[in-house]
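What follows is a set of notes on a single structure, which appears directly below.
In our numbering, the protein residues as written are 3 to 423.
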């Protein structure tokens, strides 16, 4: 393992909570596609399968930030364990009802309840932030590592979930996701030594972390980014089917994730200097430009190459985004702030999937790549318009301020964080 990564895992407990976070995050990529596979196999109704998957995703998007706000106030263990039990019971109910042919409305009730547990990705990043709060370079590497873990989850999760449900029995994929969820959260919350201590009661200001103008810009840009992800998934499957190789879609999409994974690994080795907001803006501009070749890909090989290049801008941009959340959200609301970024992507994925499906049905798979191209351009436009809100206050006013370690602006002082709340 390269030395910067070896250094962050030298901290006591780091290996344990990161490994538990990986296991507990696998359901994020397994559950939705597993539900689609299970329902379509049991009923043959793809409309119902997609609606249930969308209900699960939107439930997580709505309830996740609320659960994370409770985590910021009361601690990870006290909130994650009971909400995980509720979510696990809802998933179990969904699987049983689907097997027994229960009414559709009951399936939707359980799908909505399954989304009450906040994603472990934000909890893991909150632990890294507490562990390396005074070491911005180490925190940069830690966020890069977690982006790699995200990509690995989204490469492996769908393959495992679909493979089990098609080769074994329809509910096998979601069932394994349920096991991962319970095991991962119990293992994660058992590690008390690295759990961030909730901020004192007097630091918890009323209202949401979204009161921060900077966080609103980040979330808005990530909604557009989620549209890119959701549209690329749908259109790539349709494109592969038109080419007569539908099964190759999973390989092509894995190449997209692989590009992001490799870029994240390299980015974590670097020690970028200068304003983080500028790197963030450049990342979105690069992402927008990288969508253009998708419109020109005439076969699966060219498409895989274009997606690999497009993926190179994803992880570095996400790593920089996490660093900006840490700057622009009060410490007492950090977990909620990180969760809002996940919510933005989740909402965007749902919108992108729907929009891309409509375009493919109307004009074919080749035209479908207009959706991620337009979404990439929208994300870049939001980044350009919101860039000023992400720059440190001293930069906006022209007042010189001392740099943090390594010339980075990652150590904004607490007064600025609380003034943004």
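Beta carbons are placed, not taken as given, at the ideal position from N, Cα and C, and that holds for glycine.
The three-state secondary structure of residue 121, taken from DSSP, is coil. When DSSP states are grouped into helix, strand and coil, residue 46 belongs to the coil group. A distance below 7 Å between beta-carbons, with the five flanking residues on each side excluded, links residue 11 to the following residues of its chain, in chain order: 17. Residue 342 places its beta carbon less than 8 Å from that of residue 211. Within its own chain, the residues whose Cβ lies closer than 7 Å to the Cβ of residue 306, once the five positions on either side in sequence are excluded, are 254 and 257, listed in chain order.
Put simply, of 223, 184 and 339 the residue whose alpha carbon is nearest the alpha carbon of residue 284 is 223. Put simply, the region 151-160 does not touch the region 342-360. Fewer than three CB pairs are less than 8 Å apart. DSSP, reduced to helix, strand and coil, places residue 276 within a strand of the structure shown. Under the DSSP assignment, residue 160 falls in the alpha helix (DSSP H) whose first and last residues are 138-169.
Here the alpha carbon of residue 275 sits roughly 53 Å from the alpha carbon of residue 98.
Secondary structure note for residue 187: its alpha helix (DSSP H) is the uninterrupted segment 174-191.
The Cβ atoms of residue 70 and residue 338 sit closer than 8 Å to each other. By alpha-carbon distance to residue 277, the top candidate from 213, 138 and 63 is 138. Judged by DSSP in its simplified three-state form, residue 200 adopts coil rather than helix or strand. Look at the beta carbons and you see the region 25-43 touching the region 163-176: at least three pairs across the two are nearer than 8 Å. The C-alpha of residue 225 lies about 6 Å from the C-alpha of residue 349. By the neighbour-count criterion, in which 16 or more other beta carbons inside 10 Å mark a residue as buried, residue 117 falls on the buried side.
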